[in-house]
Amino acid sequence: MCKCNEPVDECLQVMCDMFCENGFKKDENGCDICQCAEPECPEVMCMMFCETGFMKDANGCDMCKCNEPVDECSEVMCAMFCENGFKKDENGCDICQCAEPECPEVMCMMYCEHGFLQDDNGCDICKCAPAPCEPVRCRMYFMCAMFCENGFKKDENGCDICQCAEPECPEVMCMMYCEHGFLQDDNGCDICKCAPAPCEPVRCRMYCEYGWAKNDNGCEVCECYDPCSVSPLAYLSLLRIQLGQ
9 MCKCNEPVDE CLQVMCDMFC ENGFKKDENG CDICQCAEPE CPEVMCMMFC
59 ETGFMKDANG CDMCKCNEPV DECSEVMCAM FCENGFKKDE NGCDICQCAE
109 PECPEVMCMM YCEHGFLQDD NGCDICKCAP APCEPVRCRM YFMCAMFCEN
159 GFKKDENGCD ICQCAEPECP EVMCMMYCEH GFLQDDNGCD ICKCAPAPCE
209 PVRCRMYCEY GWAKNDNGCE VCECYDPCSV SPLAYLSLLR IQLGQ
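When we follow my numbering, the leftmost residue of the sequence shown carries the number 9, and every step to the right adds one.
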């Protein structure tokens, strides 16, 4: 039959082996139970709009700071294996670079003036690092009887030596494909011209007193060079070469 429960006037004292800063939760009769009550959060009055909602403090209450935007990361497809996982970009998404290993704390009963040595992963090990070398001081006045348009080369200590540095070549932007690569200018930089095919070695069962003839590509062919086909001055130069003068 329809009868209401008798009201409970007195709650039994709850005996809980716990401390609750905000008191205990209550059951349907308004009596304490052994569960901590949630803190009562004050109403947040912020003159700002947060699309992703407000951040919460340690008590789970809103504070006047916006949540970081959550970006959905696309699955990264990298043809590599990373033992320690991938690095992440500014949005927290994986990128195709291996993450650095997390080094364990070194517990060594020793003091190292210059710090510990590191293993292949860049983590400290229980061995002392050697003392750093004194920095090399280059000569203040460098005397070299030559002019180098691109400056001088440097030795292993970063000091100038009497050798000209190679020029820095600009990137070649050519709308062409060259099977044997590009030609290079006097500075050793690529230019928009195709390099000729490399010459095949000449395999001829014949002797040529003045050497082999060459084709239009500058490659030797199985024909003897005819000195009479050149100017007298070029012929004399060739004779000097043959006689070693």
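Every residue gets a Cβ at the ideal spot worked out from N, C-alpha and C, and that includes glycine.
How long is the line joining the alpha carbons of residue i and residue j, rounded to whole angstroms?
{"i": "Cys44", "j": "Met26", "result": "9 Å"}
{"i": "Glu91", "j": "Asp128", "result": "14 Å"}
{"i": "Cys39", "j": "Gly100", "result": "46 Å"}
{"i": "Glu108", "j": "Phe94", "result": "9 Å"}
{"i": "Met71", "j": "Asp65", "result": "7 Å"}
{"i": "Gly68", "j": "Cys116", "result": "42 Å"}
{"i": "Lys135", "j": "Gly123", "result": "9 Å"}
{"i": "Asp132", "j": "Ala87", "result": "30 Å"}
{"i": "Ser237", "j": "Asn223", "result": "14 Å"}
{"i": "Cys146", "j": "Lys161", "result": "13 Å"}
{"i": "Glu179", "j": "Tyr233", "result": "41 Å"}
{"i": "Asn75", "j": "Phe32", "result": "30 Å"}
{"i": "Cys216", "j": "Tyr185", "result": "38 Å"}
{"i": "Met53", "j": "Met85", "result": "45 Å"}
{"i": "Phe150", "j": "Ile199", "result": "34 Å"}
{"i": "Gly166", "j": "Gly130", "result": "26 Å"}
Is any heavy atom in the ligand FMN found nearer than 7 Å to the beta carbon of residue i?
{"i": "Cys146", "result": "In the structure on display, the ligand FMN does not appear, and there are no ligands present to speak of."}
Who does residue i pair with in a DSSP beta bridge?
{"i": "Asp168", "result": "Lys162"}
{"i": "Asp224", "result": "In the DSSP output, where bridge partners are listed per residue, Asp224 has none listed."}
{"i": "Cys136", "result": "Phe124"}
Please work out which residues of its chain come closer than 7 Å, Cβ to Cβ, to residue i, disregarding the five sequence neighbours upstream and downstream, and give them in chain order.
{"i": "Lys73", "result": "Phe62, Met63"}
{"i": "Arg213", "result": "none"}
{"i": "Cys156", "result": "Cys172, Ala173"}
{"i": "Met148", "result": "none"}
Report all residues from its chain with a CB closer than 6 Å to the CB of residue i; omit the five preceding and five following residues, and keep chain order.
{"i": "Cys197", "result": "Cys177"}
{"i": "Gly159", "result": "Ala173"}
{"i": "Cys24", "result": "Cys42"}
{"i": "Asn30", "result": "Ala45, Pro47"}
{"i": "Cys28", "result": "Cys44"}
{"i": "Asp163", "result": "Ile169"}
{"i": "Gln105", "result": "Lys95"}
{"i": "Lys201", "result": "Leu191"}
{"i": "Asn195", "result": "Pro175"}
{"i": "Cys227", "result": "Cys207"}
{"i": "Asn225", "result": "Pro204"}
{"i": "Leu125", "result": "Ile133, Lys135, Ala137"}
{"i": "Val229", "result": "Ala221, Asn223"}
The beta strand (DSSP E) that contains residue i, what's its start and end?
{"i": "Asp198", "result": "198-202"}
{"i": "Val229", "result": "228-232"}
{"i": "Gln192", "result": "190-192"}
{"i": "Gln43", "result": "40-44"}
{"i": "Gln21", "result": "Premise fails: Gln21 is in no beta strand (DSSP E) and is neither H nor E."}
{"i": "Met184", "result": "Neither: Met184 is in no beta strand (DSSP E) and is coded neither H nor E."}
{"i": "Phe124", "result": "124-126"}
{"i": "Met63", "result": "62-64"}
{"i": "Phe32", "result": "32-34"}
{"i": "Met71", "result": "70-74"}
Whose C-beta lies closer than 8 Å to the C-beta of residue i among residues of the same chain, with five residues either side of it excluded?
{"i": "Cys141", "result": "none"}
Pick out the complete alpha helix (DSSP H) segments inside the stretch 76-121, 4 residues or longer, and give them in chain order. none
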